[in-house]
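Report on the following structure.
Protein chains: 4
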Amino acid sequence: MAASRSKAKAAETEAAPAAETKRDAAATRERILVAATQEFADKGYDGARVDEIIRVSQVNKNSLYHYFGSKEQLFTAVLERVYENIRARQSDLSIRSMSPEEGMRTLVEFTARIWEEVPEYNRLLASENLHEARHVRQSERIVPMYNPLLATICELLKRGEEAGVFRGGIDPVDLYISITALSAHYISHRHTFEAIFKTELMTPARLEQRRRHAADMILRYLKA
Amino acid sequence: MAASRSKAKAAETEAAPAAETKRDAAATRERILVAATQEFADKGYDGARVDEIIRVSQVNKNSLYHYFGSKEQLFTAVLERVYENIRARQSDLSIRSMSPEEGMRTLVEFTARIWEEVPEYNRLLASENLHEARHVRQSERIVPMYNPLLATICELLKRGEEAGVFRGGIDPVDLYISITALSAHYISHRHTFEAIFKTELMTPARLEQRRRHAADMILRYLKA
Amino acid sequence: MAASRSKAKAAETEAAPAAETKRDAAATRERILVAATQEFADKGYDGARVDEIIRVSQVNKNSLYHYFGSKEQLFTAVLERVYENIRARQSDLSIRSMSPEEGMRTLVEFTARIWEEVPEYNRLLASENLHEARHVRQSERIVPMYNPLLATICELLKRGEEAGVFRGGIDPVDLYISITALSAHYISHRHTFEAIFKTELMTPARLEQRRRHAADMILRYLKA
Amino acid sequence: MAASRSKAKAAETEAAPAAETKRDAAATRERILVAATQEFADKGYDGARVDEIIRVSQVNKNSLYHYFGSKEQLFTAVLERVYENIRARQSDLSIRSMSPEEGMRTLVEFTARIWEEVPEYNRLLASENLHEARHVRQSERIVPMYNPLLATICELLKRGEEAGVFRGGIDPVDLYISITALSAHYISHRHTFEAIFKTELMTPARLEQRRRHAADMILRYLKA
DNA sequence: CATGAATGAGTATTCATTCAT
DNA sequence: CATGAATGAATACTCATTCAT
Chain D
1 MAASRSKAKA AETEAAPAAE TKRDAAATRE RILVAATQEF ADKGYDGARV DEIIRVSQVN
61 KNSLYHYFGS KEQLFTAVLE RVYENIRARQ SDLSIRSMSP EEGMRTLVEF TARIWEEVPE
121 YNRLLASENL HEARHVRQSE RIVPMYNPLL ATICELLKRG EEAGVFRGGI DPVDLYISIT
181 ALSAHYISHR HTFEAIFKTE LMTPARLEQR RRHAADMILR YLKA
Chain H
1 MAASRSKAKA AETEAAPAAE TKRDAAATRE RILVAATQEF ADKGYDGARV DEIIRVSQVN
61 KNSLYHYFGS KEQLFTAVLE RVYENIRARQ SDLSIRSMSP EEGMRTLVEF TARIWEEVPE
121 YNRLLASENL HEARHVRQSE RIVPMYNPLL ATICELLKRG EEAGVFRGGI DPVDLYISIT
181 ALSAHYISHR HTFEAIFKTE LMTPARLEQR RRHAADMILR YLKA
Chain C
1 MAASRSKAKA AETEAAPAAE TKRDAAATRE RILVAATQEF ADKGYDGARV DEIIRVSQVN
61 KNSLYHYFGS KEQLFTAVLE RVYENIRARQ SDLSIRSMSP EEGMRTLVEF TARIWEEVPE
121 YNRLLASENL HEARHVRQSE RIVPMYNPLL ATICELLKRG EEAGVFRGGI DPVDLYISIT
181 ALSAHYISHR HTFEAIFKTE LMTPARLEQR RRHAADMILR YLKA
Chain P
1 MAASRSKAKA AETEAAPAAE TKRDAAATRE RILVAATQEF ADKGYDGARV DEIIRVSQVN
61 KNSLYHYFGS KEQLFTAVLE RVYENIRARQ SDLSIRSMSP EEGMRTLVEF TARIWEEVPE
121 YNRLLASENL HEARHVRQSE RIVPMYNPLL ATICELLKRG EEAGVFRGGI DPVDLYISIT
181 ALSAHYISHR HTFEAIFKTE LMTPARLEQR RRHAADMILR YLKA
């Protein structure tokens, strides 16, 4: 999304705006991806319409098929972008310089903030799981991205255990899934929860409460 | 599902199996519901096909529309059935006679077992949330079903606090969402997790580990 | 329609109203005809729905098919009833005792009143003509009904000519069609005329103006 | 209709008839409109089938929906074309240069010729009125087309009155409706009239008699 | 004879994808 | 390589009519 805005600004400042959008293959690709991300997030894979993506991105239908091959491959490309961005955010954290407890709290809260700030990602992953991760498995780029995160968690657990602040015997995969679950499920299922519990879940105050709840739960679970 | 199985079994043992399923409004409605539950769970609301539902349930297309009105209303009926069954399971627990800790562990583990045993429900709720709970809101029957569950949680919290085993100041809605999240997210997102972490998550042993992990996390969070 | 009201009244005064409607074949037939007249007039033959007719008439679907055989035959029965009622109204006029001019004006104005008071008839005949009078031709009862009317017109023309008030050489069929056209077309096409000329055509005052216009036009046409 | 005939003729004389009709948006649109006009006129709006229109026009179903949006909008487009053609014919008359009586007779006879030559229009308007002019009201193009015609009638009435050949106090809307009614109703209801009066109404001689009848009736009505 | 469940052909409309220019 | 027209299989939904009880 950020990319699309900077692109638009570039178009205004450059000399030949009409010709610019035509020639710039990267920009066309980018506009398609941005529109596709929104459409797939809004409607899910099956509900999304290729026609809507070309309408919003203002590209020709053949361009879309030229750059991405099919609706499925376009969805895969969108997912790759999503995982890249999630990874980029999590890498920014400089957790290695923090204490184990501080690092873990930071990780939990930053994970929560991803779903809050980019709820599209949550929806895309939900849709992908309804399709049994078919597109994630197709991608050669997504799977390798998750090793560093798991490494970070393992390192935090090890440091915490050595420092005597965390228990031993924690399964890092279970822990990662719980960290994600506590915030992602809250966001992705907020509509049914709001309907069932007659309460608002997306106000800033409520979201902060949830972040603390999630971090507390993880830290209490780990406490020696 | 249980109904369909007993129906099938009855058909085999009785004299006229072909005639038995015909011209029986309740049975026809049930066959449609069973097939629809499966189809909607398999493909999500948008991916599901009415034609497939009528093919599997062996009913005439018009019967489906006569009984349920539209694909949307059929989906709503499926969701109502799902929530009813979830509620029925949770009501069976006789938690009131247990100690607060035992009751809470039982609640967490039974919630986990729902998603393990009927993963269809998980998928239906995921699809419904992609549609922003549109059908849940339409239903007059679903919302009221959730009050008793929240009451049970509040009662457990109160008893635990009075007995000095649980902390005070716990938000019951946050707690409910976390209980659900820890097991449901594990199941619903297992496909991406399995792809990313190259590990099996649905073996009996692994599921038991997850159940204990979730219960431990909740109980440690509540411990005074 | 009048028939249906008197029927309803009868039901109220009799002893066993529940049993009465079940057994009375004539009443069932009548209820179907009344509902069918309304539905066919509202939507035209193609737009009309058999299901709507059975819903309104509160009869069983099989009864409708038992009494009338098919949608087409039901429409034919409705048309027969319409033509009967039109004829009955026109026969009431006792034109033979009037002067030729008075008789002709009476005939024109009464014809106009038919379309005003029972616009359903207009619509049924319009729909029937879209189907090229298929059902009218099928009916053995409709065609003979129109001879007396044409005889009345011929007689009026003859008397008027003999009395020196009407011109000779008038084609009675052309005259009949014009008498009908001047009022029926005004009613049947009022919706487009109202849209195009931005004026109201169905107020009592406007209808009276139209009736006089039509009668004036016919009488001036005939004047010696 | 004229367009379709010239198109067909062109195809026959040119080199590549198959290629000529393909990939030409205007021609495709036109083919659809021609086929739709025929189908809607033949069966009425409700009886008409989109499938039949695409079969006759040899276009892809999606093209029809791409160009016209829906069956309703296609019908509206057909009606707009009809009203345009009617207006174009009436504008050709150069009535302003004629005497009031001559002008009025010309207007009546030309109106009659429209229904004789393009009976489809009659049927389309009849169907539209069964739908209470729903599509005419939707159109922004149809309503304005009728002002010039009414202006012509008013001008004829004024000139005739000033010349002492027409009476005063004539309502132009009533007059317009009668001019239309006398010929249109004859055509649109010819099937029932032919069945009832056992006479042929569409022979050239009979049509000429009717035209004179209608013109005589209007002119005698107006005569001072 | 009444009832309501069942039937299957059909009806407008949509969609991902390809082809001609 | 860009453009917009074309494609055809599908998709939710409807309707007149019949059958079993």
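Protein chains in written order, with full-length UniProt numbering: chain D, 1 to 224; chain H, 1 to 224; chain C, 1 to 224; chain P, 1 to 224.
All C-beta atoms in this analysis are idealised placements derived from N, C-alpha and C, irrespective of residue type, glycine included.
When you compare only the Cα positions, how much space is there between residue i and residue j?
i: Ser-183(C); j: Arg-210(C); result: 7 Å
i: Leu-107(H); j: Ile-86(D); result: 33 Å
i: Lys-71(P); j: Arg-81(C); result: 34 Å
i: His-66(P); j: His-135(P); result: 19 Å
i: Glu-162(D); j: Ala-215(D); result: 21 Å
i: Thr-37(P); j: Val-56(P); result: 11 Å
i: Thr-203(C); j: Asn-122(C); result: 18 Å
i: Met-145(P); j: Arg-141(H); result: 55 Å
i: Ser-97(H); j: Ser-178(H); result: 23 Å
i: Leu-64(D); j: Leu-33(D); result: 9 Å
i: Thr-21(D); j: Val-78(D); result: Its pLDDT being 45, under 50, Thr-21(D) is placed unreliably in this model, and the value from its coordinates should be taken loosely. The straight-line gap from Cα to Cα measures roughly 21 Å.
i: Gln-138(H); j: Asp-46(D); result: 22 Å
i: Thr-111(D); j: Lys-61(P); result: 48 Å
i: Glu-84(H); j: Lys-158(H); result: 26 Å
i: Leu-156(H); j: Arg-220(H); result: 15 Å
i: Gln-58(P); j: Thr-28(P); result: 9 Å
i: Arg-49(C); j: Leu-124(C); result: 15 Å
i: Ile-218(P); j: Ile-114(C); result: 23 Å
i: Ala-25(D); j: Ser-94(D); result: 35 Å
i: Gly-44(D); j: Asp-51(D); result: 15 Å
i: Ala-126(D); j: Gln-73(D); result: 17 Å
i: Ala-205(C); j: Lys-198(D); result: 58 Å
Under the DSSP definition of a beta bridge, which residues are partnered with residue i?
i: Phe-166(P); result: Lys-223(P)
Is any non-hydrogen atom of the ligand GTP found closer than 8 Å to the C-beta of residue i, if you look at the structure I gave you?
i: Lys-43(P); result: In the structure on display, the ligand GTP does not appear, and there are no ligands present to speak of.
Determine the DSSP secondary structure at residue i, reduced to helix, strand or coil.
i: Ile-32(H); result: helix
i: Tyr-83(C); result: helix
i: Asn-60(P); result: coil
i: Asp-216(H); result: helix
i: Leu-74(H); result: helix
i: Gly-69(D); result: coil
i: Arg-105(C); result: helix
i: Ile-187(P); result: helix
i: Ser-94(P); result: coil
i: Leu-156(H); result: helix
i: Asp-174(H); result: helix
i: His-131(H); result: coil
i: Val-118(H); result: coil
i: Leu-182(D); result: helix
i: Thr-37(D); result: helix
i: His-142(P); result: The question names His, but residue 142(P) in the sequence shown is Ile. Looking at Ile-142(P) - three-state DSSP - the assignment turns out to be coil, as it is neither helix nor strand.
i: Thr-199(P); result: coil
i: Arg-123(H); result: helix
Rounded to the nearest angstrom, how far is the Cβ of residue i from that of residue j, given a contact under 8 Å?
i: Leu-201(H); j: Arg-167(H); result: That pair is no contact at about 31 Å.
i: Val-173(C); j: Pro-100(C); result: Between Pro-100(C) and Val-173(C) the Cβ distance is about 18 Å, and since that is not below 8 Å, they are no contact.
i: Pro-53(D); j: Glu-39(D); result: Contrary to the premise, residue 53(D) reads as Ile rather than Pro in this sequence. Sure, about 5 Å apart at Cβ, within 8 Å.
i: Ala-181(P); j: Ala-181(C); result: 4 Å
i: Glu-120(D); j: Ala-41(D); result: 4 Å
Do the segment 75-91 of chain C and the segment 139-153 of chain C touch if we need at least three Cβ pairs shorter than 8 Å? yes
With three or more beta-carbon pairs closer than 8 Å as the criterion, would you say the segment 115-130 of chain P touches the segment 179-194 of chain C? yes
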